[in-house]
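> This is the structure I want to talk about, given as structure tokens.
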Amino acid sequence: MQTPIRISFLDHTAKLGGAELSLLNTLQKLDRSRFAPFVILGEDGPLVQKLTAAGVDTCIVPLESAVADAKKDQLGASSLLKLNAVWKTLKYSWRVARLMRSKRVDLIHTNSLKADIIGGLCAWFTGLPLIWHIHDRLEGAYLPRPVAATIRHLCRWLPDFIVANSQSTLDSLRLPTRDRSAVIFEGIPPEQRPAFTSALIPPPESSGSMATVPVCDDVSGLNQTLLPGPANKPAVVGIVGRLTQWKGQHVLIEAAALVRGRFPNTIFQIIGSAMFGENSYEAMLKRRVMELGLGDCMQFLGFQDDVGSLLDRLDVLVHASILEEPFGRVITEGMLGGKPVVATRGGGVPEIVLDGITGFLVPMAHVAGMADAICKLLEDPILREKMGREGRKRASEHFTTNQTVPQLESLFERIGGAHRRRVAVD
Ligand code: UDP
19 MQTPIRISFL DHTAKLGGAE LSLLNTLQKL DRSRFAPFVI LGEDGPLVQK
69 LTAAGVDTCI VPLESAVADA KKDQLGASSL LKLNAVWKTL KYSWRVARLM
119 RSKRVDLIHT NSLKADIIGG LCAWFTGLPL IWHIHDRLEG AYLPRPVAAT
169 IRHLCRWLPD FIVANSQSTL DSLRLPTRDR SAVIFEGIPP EQRPAFTSAL
219 IPPPESSGSM ATVPVCDDVS GLNQTLLPGP ANKPAVVGIV GRLTQWKGQH
269 VLIEAAALVR GRFPNTIFQI IGSAMFGENS YEAMLKRRVM ELGLGDCMQF
319 LGFQDDVGSL LDRLDVLVHA SILEEPFGRV ITEGMLGGKP VVATRGGGVP
369 EIVLDGITGF LVPMAHVAGM ADAICKLLED PILREKMGRE GRKRASEHFT
419 TNQTVPQLES LFERIGGAHR RRVAVD
């Protein structure tokens with residue numbers, strides 16, 4: 019019997035960003051009788067523990083700070099030429115390549131832009147086939163132009179195959195041909211779907227008791243309790259994602275001030291934390307909440323491990339990115355939980371949300387448009403229920419690991435298997 023194909027999965031970070039959660043979900047579901055995953059991470063972090071708990075062989079090879087701390091949205095043309103960082107990347111890649119050889123790896127899969135470069139060098143050193151799994155749009159709005167252009171150029175000759183998390187991400191690579199690339203959406207484990215004890219339509223007997231929401235952050239004056247019950251149950255509108263300017267939490271805050279004018283009891287929840295040092299944005303959001311007098315209804319819940327159960331309590335999920343979102347896992351998670359979505363029209367989002375069917379698409383950075391769409395849902399519980407149901411159906415048919423992992427597996431089998439056969443002939 020054939021031994022499983024050994025795949026080395028490479029990521030520069032062990033923080034729980036969308037790409038890393040996507041990798042985790044893939045590895046949790048990967049058929050271990052056919053594939054033996056070996057994860058190499060550039061740092062320690064919460065992903066390590068989760069991978070270990072999933073029984074995945076994981077190893078940390080620490081990246082030097084010159085490389086690890088370079089933020090992709092702050093790189094410039096000059097950073098491509100920083101000799102010190104180039105030398106350190108080469109040395110690091112050589113070390114990782116040796117580790118891959120010692121583990122008798124058959125295939126390299128890279129999961130982040132930094133890992134793409136390192137994996138590209140490893141493939142060059144070892145002769146192993148390489149799959150780039152791209153979770154970011156390679157456009158000037160998202161990355162500095164010279165960096166985006168360089169990576170787009172490398173796309174053509176470094177990887178053997180490219181997986182993009184949406185058609186929009188794939189289009190941003192501007193590949194001359196599409197024969198060595200595919201769109202495979204990010205898959206959510208279907209069991210992650212919240213219990214759906216939803217706030218969509220409150221159960222008739224649910225009056226009376228006070229439900230405490232998770233403790234908020236340091237914005238004074240926040241109301242920390244909800245009053246459930248058919249008559250006075252406040253609607254809950256939430257946004258989930260790391261706190262960073264381009265995710266547009268500030269747009270929701272401005273929109274909340276308008277929504278509040280029409281639905282004074284609405285509660286707004288901001289779920290997620292600043293992940294890559296964007297603490298000043300978080301402070302700015304909290305300041306703005308106080309300026310707008312929203313301290314009693316806007317809750318900052320910080321990073322949550324169990325997003326599913328919070329999603330379950332929302333009436334409306336908002337996604338507010340002001341740049342084209344490459345994919346938007348949180349939208350599929352909300353849909354899988356039966357939530358109607360108000361999302362900005364850009365990038366991969368229209369591939370997920372069917373406008374007017376599973377939610378509303380609104381222009382990016384358009385406060386009034388967002389407020390209007392939220393109000394349309396708040397005033398119509400039947401519409402919320404209908405859109406939630408459609409969303410759940412669409413998400414379970416297209417955006418779970420039941421669909422995405424078999425697609426990745428057949429790719430791994432094809433590329434890893436071909437390499438094995440080539441080595442056997444040699
Ligand atoms: N997430 C989480 N806890 C939080 C906020 C976000 O686990 O407090 C998860 C969220 O459920 C989603 C991922 O982080 O699975 C974010 O992925 P997305 O594609 O939406 O955004 P990215 O961070 O990749 O740009």
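Residues in the sequence shown are numbered from 19 upward in steps of one, following this note's numbering. Virtual Cβ for every residue (Gly too), placed ideally from N, Cα, C.
1) Give me the Cα-Cα distance between Leu-48 and Pro-208, rounded to the nearest whole angstrom.
2) So if DSSP puts Met-316 in a beta bridge, which residue, or which two residues, is it bridged to?
3) Is the beta carbon of Ala-159 sitting closer than 8 angstroms to the one on Leu-341?
4) Helix, strand or coil for Gly-36, going by three-state DSSP, please let me know.
5) Does the separation of the CB atoms of Ala-274 and Leu-312 fall below 8 angstroms?
6) Would you kindly report the start and end of the unbroken beta strand (DSSP E) that includes Val-254?
7) Considering only residues of the segment 142–187, which uninterrupted beta strand (DSSP E) runs meet the minimum length of 3 residues and lie entirely inside it, listed in chain order?
8) What's the C-alpha gap between Trp-142 and Leu-303?
9) Using only the alpha-carbon positions, how far apart do Phe-203 and Ser-184 sit?
10) Give a yes or no on whether the C-beta atoms belonging to Phe-286 and Leu-270 are separated by under 8 angstroms.
11) Might you give, ordered along the chain, the residues of its own chain that have their beta carbon closer than 6 angstroms to the beta carbon of Ala-54, omitting 5 neighbours on each side?
12) Kindly confirm or deny that the segment 305–320 and the segment 344–362 touch, where touching means at least three C-beta pairs closer than 8 angstroms.
13) Just the Cα atoms here: how many angstroms apart are Asp-314 and Ala-413?
14) Beta-carbon within less than 8 angstroms of Ser-51's beta-carbon, same chain only, minus the 5 sequence neighbours each way: which residues are those?
15) Assign Leu-69 to one of three DSSP states: helix, strand, or coil.
16) Say the cut is 7 angstroms; is the CB of Gln-421 nearer than that to a heavy atom of the ligand UDP?
17) Alpha carbons only, please: which of Ser-190, Arg-260, Glu-408 is nearest the one belonging to Asp-154?
18) Given 7 angstroms as the limit, tell me if Glu-351 has its C-beta closer than that to any heavy atom belonging to the ligand UDP.
19) Where does Pro-55 fall in DSSP's three states?
20) Which residues in the same chain have their Cβ closer than 6 angstroms to the Cβ of Val-367, if we skip the five residues on either side of it in sequence?
21) Thinking just about the alpha-carbon of each residue, which of Glu-82, Ser-83, Thr-44 is nearest to the one in Gly-73?
22) Indicate the three-state DSSP secondary structure (helix, strand or coil) for Thr-418 in the structure shown.
This is what the structure gives:
1) Taking the first residue of the sequence shown as 1, we reach residue 48 at position 30. Taking the first residue of the sequence shown as 1, we reach residue 208 at position 190. Cα to Cα, the separation comes out at about 14 angstroms.
2) Mapped onto the sequence shown, residue 316 falls at position 298. In DSSP, Met-316 forms a bridge with Phe-286.
3) One-based indexing of the sequence shown puts residue 159 at position 141. One-based indexing of the sequence shown puts residue 341 at position 323. Contact flag set, yes.
4) Numbered from 1 along the sequence shown, position 18 holds the residue referred to as residue 36. Looking at Gly-36 - three-state DSSP - the assignment turns out to be helix.
5) Translated into positions along the sequence shown, residue 274 becomes position 256. Translated into positions along the sequence shown, residue 312 becomes position 294. Yes, they are a contact pair.
6) As a first step, residue 254 is located in the sequence shown; it is residue number 236 there, counting from the start. Counting along the chain, the beta strand (DSSP E) containing Val-254 begins and ends at 254–258.
7) 148–152, 179–182
8) Within the sequence shown, the letter at position 124 stands for residue 142. Within the sequence shown, the letter at position 285 stands for residue 303. The alpha-carbon atoms of Trp-142 and Leu-303 are separated by roughly 45 angstroms.
9) On the sequence shown, position 185 is the one that residue 203 refers to. On the sequence shown, position 166 is the one that residue 184 refers to. Their Cα atoms are separated by approximately 6 angstroms.
10) In the sequence shown, residue 286 corresponds to position 268, counting from 1. In the sequence shown, residue 270 corresponds to position 252, counting from 1. Contact: yes.
11) For the purposes of this step, residue 54 is identified with residue 36 of the sequence shown, where counting begins at 1. If you ignore the 5 residues before and after Ala-54, its C-beta comes within less than 6 angstroms of the C-beta of Pro-22, Arg-24, all in its own chain and listed in chain order.
12) Proximity of the segment 305–320 to the segment 344–362 falls short of the contact definition, fewer than three beta-carbon pairs being nearer than 8 angstroms.
13) Sequence index remark: in the sequence shown, residue 314 carries index 296 (1-based). Sequence index remark: in the sequence shown, residue 413 carries index 395 (1-based). A direct Cα-to-Cα measurement between Asp-314 and Ala-413 gives close to 34 angstroms.
14) On the sequence shown, residue 51 is found 33 positions in, with the first residue counted as 1. Excluding residues within five positions, the ones whose Cβ falls inside 8 angstroms are Pro-22.
15) Stepping through the sequence shown from its first residue, residue 69 is reached at position 51. Helix.
16) In the sequence shown, the residue the question calls residue 421 occupies position 403. Checking the Cβ of Gln-421 against the ligand UDP gives no.
17) Position 136 of the sequence shown, counting from 1, holds the residue named residue 154. Considering only alpha carbons, the answer is Ser-190.
18) Taking the sequence shown and counting its residues from 1, one reaches residue 351 at position 333. Yes; taking the cut-off as 7 angstroms, the Cβ of Glu-351 has a heavy atom of the ligand UDP nearer than that.
19) In the sequence shown, counting from the first residue as 1, residue 55 sits at position 37. DSSP places Pro-55 in strand when its eight states are reduced to three.
20) Sequence index remark: in the sequence shown, residue 367 carries index 349 (1-based). The answer, listed in chain order, is Glu-343, Gly-346, Ala-361.
21) Counted from its first residue, the sequence shown places residue 73 at position 55. Comparing Cα-Cα distances from Gly-73 to each of Glu-82, Ser-83, Thr-44, the minimum goes to Thr-44.
22) Position 400 of the sequence shown, counted from the first residue, corresponds to residue 418. Residue state, collapsed to three classes: strand.
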